[in-house]
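In what follows, a structure is listed as C-alpha cells, so that the remarks can point back to it.
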Amino acid sequence: MELPQYLLSVASRHELAKDEHQEEIKEFWLRKKKNSRTNFKLTYEDELKLLKGIIGSVSGKPKSLRKMTSPALGALAYILKAKIADDPYILGHEIVNKLVCNPELTIVYLNGFRELKDLEWIRLIEKPGIAFTDQPPFCWLQANIELGKTFHLEMGVVENDSRLFTSNDAYLDAVCAYIQVLIDDESSQYRVNNIEADLATMQPDGWFRNIVQRVQISDSKLLPAVEAREKYSLSVFQHLTMVGLLGMREKDLHYDFSDPLDVTQLFAKGRICRSRMKEHLFGEKSQLMRQRLLEGSHGTFGETIQLTQAGLISLLGKHKGKTSAQELKTKVKKNTLFDFEDAKVRAESLQLPKAIMDTIRSLIFSESSKGKLIRKSWQLSLPSAWGSPTGSTVLLYGSPGTGKTLTAQYLASELKLP
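For the sequence shown, numbering that gives the first Met the number 0 assigns the number 0 to the initial residue and increments by one for each residue that follows.
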C-alpha cells in the first residue's frame, strides 16, 4: 500500500504547512503595513514552493508519481484523502480550495487536473449547461471527480464504481427509496415551507441531490426516466410525482399518490406553499398536464390522478411492454406469494375430447397477432354496454385428474407466458 500511504502523508503534511504559511503571510503584511524594521522572512516564498517542499519531504515516493508535477500530485493526494474519508461526491473547487492560497494560482491547479485526466489518474464528470461555464479547465471547478483507470491499475484492483446506475430499474428504486424517506419524515424537514421558493428549479436537500450526482456519472442512455425528465423539462417535484405514481402502481410505495391533496402535503408545508405546489403539479401550466403525462379520473384533474400511457412509457422506456421472462419472474416473486414456472407442454401431451381441443386452439389463435386484430374489429362493432372483448378469460373446472393443470401449462407454453 505504498501509493496511498505516500499520498495521504503529502495531503496531511501540506494541510498543516498551509495553515502555518497563511499565518506567516498575515504576519508579513502586518509588519510591512506598520513599517516594521524587524527582518521577517517567509519559510516558503510562495505556495507552489511550499507544495514542492512538502512533496520532497515525504520519503518513499512511488515510481509512478516521479514524473508528475507538484500541482497534479497535490491534487491527487487530496482527492484520495477525500475518498478515504467516505466523501463520494468530490467537486473540483473543493480540491482547489485545499491547495490554493492565492486565487490567481487557481489555473495552475486546474492544469494539474488536466495532467491527471490525460494520464487517466482521475475522471472529471462535467455538467454541461449547469456549471457557470462549459469551457475547460474552468468548468472542472464544478465537475465531480472520480479516481480513474491508472489509479486502480496501480492499486491492483478492477475499476468498479458501485455508485453508477447500471439500469433504469436501479434508478427508479433509488428514487422510490428517497420518496419513502419523505413519507416517513414526521418532522416535515424535507417539505417546502418558503412561499417564495422557485418550485421549477428547486432541488430538495439531502439524498436526492446525491441521486442527481450518481446520474451525472452514469450512462443516461440506460435511464429513460432521467431522459424523460430532461425531455419534458420537469421539475424535481413533478418527476417525483410521476415516480411516486409508478411506485404505488407497482406496490413499491404504500402512499396514495392518486390523491392530489396527499401529494401536495407530502412536498409542501403550510397553506400557501401547498396551494402553490398543487398548482405547480396539477395546474393548467404544469408540464405534467400540458404533455399529458398524467390524467384525472373526473374532469381535467379531479379527485384522483394516474399515469397516462405516455407517462408510463416515458418512465420505463419505449419497450416497457416487452418484459423478459427473468424480469417477470422477479416481479412475480417480489409482489406475490405464487411460484413461477416456465411451462413446456406439447399438444400431444394432452388427451382431451376433440371439441375441447378445438376450443383451446381457438383461444390460442385469439391471442395471436391476427386474432387480436379480429377482436379489435369486434370491439368497434359491438355496443359499449356489452363491454370490450379485448382480452381472454378462461375458466377451467372439473374433478381432480381431468387435466386442468396440464391444460393451463399447455396454454402457457403456446402463449409463452408463465
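Every residue, glycine too, gets a C-beta built ideally from N, C-alpha and C. Note that the coordinates shown come from a computational prediction; the quantities given were computed from them, not determined experimentally.
Check: Distance CB(Leu349)-CB(Leu405) smaller than 8 Å; Outcome: yes
Check: Assigned exposure category for Arg190 - 16 Cβ within 10 Å defines buried; Outcome: buried
Check: Backbone secondary structure at Asn209 - three-state DSSP; Outcome: helix
Check: Residue closest to Lys371, alpha-carbon to alpha-carbon, out of Lys80, Pro352, Ile355, Ser391; Outcome: Ser391
Check: Helix, strand or coil at Ala267 according to DSSP, with G and I counted as helix; Outcome: strand
Check: Sequence-distant residues of its chain with Cβ nearer than 6 Å to Leu410 (five each side left out); Outcome: none
Check: Of the listed residues Tyr5, Tyr43, Gln290, nearest to Gly59 (C-alpha basis); Outcome: Tyr5
Check: Met247, buried or exposed, once every other Cβ within 10 Å from all chains shown has been counted against 16; Outcome: buried
Check: Rounded Cβ spacing between Ile431 and Leu146 (contact assumed at less than 8 Å); Outcome: Since the first residue of the chain shown is 0 and the last is 417, residue 431 is not available in this structure.
Check: Of the listed residues Ile363, Leu109, Tyr170, nearest to Cys138 (C-alpha basis); Outcome: Leu109
Check: Span of the beta strand (DSSP E) around Ile94; Outcome: Not the beta strand (DSSP E): Ile94 falls in the alpha helix (DSSP H), residues 91-98.
Check: Own chain partners of Val242 with C-beta closer than 8 Å, once the 5 adjacent residues on each side are dropped; Outcome: Leu171, Val174, Cys175, Ile178, Ala224, Leu314
Check: Buried/exposed call for Arg345, threshold 16 Cβ in 10 Å; Outcome: exposed
Check: Residue from Ser8, Lys17, Asp45 whose Cα sits closest to the Cα of Ser56; Outcome: Ser8
Check: For Gln408, three-class secondary structure by DSSP; Outcome: helix
Check: For Ile355 and Gly386, the rounded distance between their alpha carbons; Outcome: Bear in mind that a pLDDT of 49 at Gly386, under 50, signals an unreliable position, so the number given afterwards is only what the model happens to contain. Looking at the two C-alpha atoms, the distance is approximately 26 Å.
Check: Phe300 versus Lys277 - alpha carbon distance; Outcome: Here Phe300 scores only 44 on pLDDT, less than 50, and its place in the model is too uncertain to base an answer on.
Check: CB contact flag (Ile210, Ile144, <8 Å); Outcome: no
Check: Which of helix, strand or coil DSSP assigns to Val425; Outcome: Absent from the structure is residue 425, since the part of the chain shown begins at 0 and ends at 417.
Check: Residues near Leu71 in its chain [Cβ-Cβ closer than 6 Å; skip 5 each side]; Outcome: For clarity, residue 71 is Ala in the given sequence; the question names Leu instead. These residues qualify, in order along the chain: Gly111, Glu114, Leu115.
Check: Backbone secondary structure at Asn143 - three-state DSSP; Outcome: strand
Check: Beta-carbon contacts of Ile83 that lie in its chain and below 8 Å, excluding the five residues immediately before and after; Outcome: Pro3, Leu7
Check: Exposed unless 16 or more other CB atoms sit within 10 angstroms - verdict on Gly91; Outcome: buried
Check: Which of helix, strand or coil DSSP assigns to Val242; Outcome: helix
Check: Bridge partners - Gln305, DSSP secondary structure assignment; Outcome: Glu294
Check: Straight-line Cα distance separating Asp18 from Met67; Outcome: 24 Å
Check: Contact set for Arg273: own chain, Cβ-Cβ below 8 Å, skip 5 residues either direction; Outcome: Thr263, Gln264, Ala267
Check: Beta-carbon separation (whole angstroms), Ile89 vs Ala81, contact threshold 8 Å; Outcome: 5 Å
Check: Residues near Thr307 by beta carbon distance below 8 Å, same chain, minus five either side; Outcome: Arg291, Leu292, Leu293, Glu294
Check: Assigned secondary structure, Leu414 (DSSP; H/G/I helix, E/B strand, else coil); Outcome: helix
Check: 7 Å Cβ shell around Lys403 - same chain, five flanking residues per side excluded; Outcome: Leu395, Gly397
Check: Own chain residues within Cβ distance below 8 Å of Glu457, not counting five before or after; Outcome: The structure shown does not extend to residue 457, since the chain spans only 0 to 417, so no value can be given for it.
Check: Boundaries of the alpha helix (DSSP H) in which Leu7 is found, first to last residue; Outcome: 1-32
Check: Sub-8 Å separation of Glu26 and Asn101 beta-carbons; Outcome: no
Check: Leu222 (DSSP reduced to helix, strand or coil); Outcome: coil
Check: Reduced DSSP secondary structure (H/G/I, E/B, other) of Ile194; Outcome: coil
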